[in-house]
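In full-length UniProt numbering, the protein residues as written are 1 to 252.
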């Protein structure tokens with residue numbers, strides 16, 4: 001079963017790559033055939049096998065020999081690994097509807113992270129439909145009370161919104177404020193606060209590493225959506241365990 005989930009995750013990761021490209025190009029996400037982003041040649045099935053096509057083609061287009069971005073195998077592998085970890089949380093009972101709900105949000109966070117990394121932009125057309133779905137899920141599932149979802153959304157977006165207003169957009173972008181709504185709605189109040197701390201921690205580590213490698217300067221901006229998305233995925237997978245560990249450690 002793990003192997004089946006692994007393969008399924010690779011396939012979904014391949015779809016996410018296509019979605020990320022088409023969101024930027026303005027093409028329909030599910031319409032049309034995949035093409036080389038350099039020469040425009042329509043790709044055949046043998047060119048679209050997740051990870052393996054990249055390896056066998058040695059990272060180059062079969063037709064124009066242009067380099068294929070490492071984004072493609074990396075996103076496919078990250079999606080696959082995330083699905084395996086999620087499935088293990090449900091003891092491989094992937095028929096559980098909660099598995100599919102969380103898988104959907106993991107995919108959403110991956111799209112947001114990669115798009116923000118590449119374009120320094122968080123798209124409303126990704127955030128707001130997902131936000132609506134998060135509220136509907138909270139209202140009808142009973143797994144997370146709708147009040148908890150609303151409080152999480154307002155708390156995180158309010159925190160980001162205050163930073164945005166005080167800095168006039170220098171500290172944080174408006175897209176991050178909107179993403180804060182989704183972040184809080186999906187995780188709920190308690191987990192979203194934990195996720196926020198984790199996002200800043202990941203961001204600090206990444207920032208120090210980039211400075212040490214001379215890849216960034218102190219004045220440069222970082223795509224915070226990447227760190228928020230990473231933290232959201234970690235909290236979706238292990239948030240309750242992290243909170244339980246912290247409460248046992250502190251005796252709270």
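Yeah, the Cβ is synthetic: ideal placement off N, Cα and C, and Gly gets one too.
Proximity of residue i and residue j at Cβ, strictly below 9 angstroms
i, j, result
"residue 237", "residue 45", "no"
"residue 187", "residue 235", "yes"
"residue 87", "residue 94", "yes"
"residue 157", "residue 181", "yes"
"residue 120", "residue 223", "yes"
"residue 255", "residue 135", "Nothing in the structure corresponds to residue 255, since the chain is present only between 1 and 252."
"residue 2", "residue 84", "yes"
"residue 34", "residue 48", "yes"
"residue 20", "residue 125", "no"
"residue 112", "residue 137", "no"
"residue 22", "residue 13", "no"
Beta bridge counterpart(s) of residue i as assigned by DSSP
i, result
"residue 271", "Absent from the model: residue 271. The displayed extent of the chain is 1 to 252, so no value can be given."
"residue 67", "60"
Integer-rounded CB distance, given that residue j should sit under 8 angstroms from residue i
i, j, result
"residue 179", "residue 225", "6 angstroms"
"residue 73", "residue 11", "With 8 angstroms as the limit, residue 73 and residue 11 do not qualify as a contact, their Cβ atoms being about 13 angstroms apart."
"residue 183", "residue 228", "6 angstroms"
"residue 185", "residue 239", "No, residue 185 and residue 239 are not in contact; Cβ-Cβ is about 14 angstroms, not under 8 angstroms."
Identity of the residue in the options nearest residue i by Cα
i, options, result
"residue 244", "210, 227, 194", "194"
"residue 16", "80, 220, 240", "80"
"residue 232", "124, 103, 141", "103"
"residue 18", "90, 216, 75", "75"
"residue 110", "57, 240, 230", "230"
"residue 40", "56, 55, 65", "65"
"residue 141", "98, 89, 169, 210", "98"
"residue 116", "91, 221, 70", "221"
"residue 266", "167, 159, 168", "What the structure shows of the chain is the stretch from 1 to 252, and residue 266 is not part of that stretch, so it cannot be assessed."
"residue 198", "59, 242, 60", "242"
"residue 61", "71, 36, 164, 32", "36"
"residue 108", "57, 215, 132", "132"
"residue 114", "218, 91, 69", "69"
"residue 89", "5, 246, 211", "5"
Is it a yes or a no for the stretch 170 to 177 touching the stretch 196 to 207, going by three-plus beta-carbon pairs under 8 angstroms?
No: fewer than three Cβ pairs fall under 8 angstroms.
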